[in-house]
Each structure stands twice: as structure tokens, then as C-alpha cells.
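Report on the structure given below.
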Amino acid sequence: MKKFEIYRNIRKSALIFGLPISSFALMMISVIGSLLAIIFSFGFIIILSLVFWNILFYAILIYLVSRPNLTLQHEPFPPTISNKKIGLSSYEEN
305 MKKFEIYRNI RKSALIFGLP ISSFALMMIS VIGSLLAIIF SFGFIIILSL VFWNILFYAI
365 LIYLVSRPNL TLQHEPFPPT ISNKKIGLSS YEEN
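Counting in my numbering, the sequence shown runs from 305 upward without gaps.
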């Protein structure tokens, strides 16, 4: 019988259209904003420019995802989190 190990960090590597979830959310905000602009302004030039903008934005996001050394990536939290009082005095001295 085949054994499978539990993979708990699946959300870290989840991709939608080749983008991580946060980049995909930015792309969807851009698309929704473009759709709102298209709905409220019926200019053909505006429609073409917004389509071009979304294609360009997607290409930029794909470029940034494929080269992770271009972005500043650091751990948001220290390796250990403690609520220990920082200082020279201890709790008993109070």
C-alpha cells in the first residue's frame, strides 16, 4: 500500500494562471477596475488601452514571479516568538 506524507504548506506554492495567490488577487483587482472603467466609458480607445494594460500587467507579474531574487523576500516573523520580557530585570525582582 502506498503511503503519502502530509503536505501542510500547499498554500505557499498554490498557483492560479501561473501566479501566486497574492499576485493573482492584484491581477483580479486590475481586471475588475478595468471592467468598471469600460462599463462607464464607452470609448474604443479606452477599451483597447485597458486591455493592453491588463496584458502588460500580467506579463510583469509573471516576470516577477519567475525571478524571485528581484523582489525583497524576508521572513515576516522571527524564527521564535516569545512574550518574555526583554531587559536586565527579571519578574521576581519587581
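Just so it is clear, CB atoms sit at the ideal spot from N, CA and C, and this is done for glycine as well. These numbers were taken from a predicted model, which means no experiment stands behind them.
Assuming residue i and residue j are in contact, meaning their beta carbons sit under 8 angstroms apart, how far apart are those beta carbons, in whole angstroms?
i	j	result
residue 337	residue 366	Not a contact, Cβ separation roughly 19 angstroms.
Can you check whether the CB of residue j is closer than 9 angstroms to the CB of residue i?
i	j	result
residue 334	residue 368	no
residue 341	residue 352	no
residue 361	residue 331	yes
From the DSSP output, in three-state form, read off residue i for me.
i	result
residue 385	coil
Can you tell which of the options has the C-alpha that lies nearest to the C-alpha of residue i?
i	options	result
residue 324	358, 307, 345, 370	370
Identify every run of the alpha helix (DSSP H) within the region 327-370, keeping only runs that are complete inside it and at least 4 residues long; order them along the chain. 348-370
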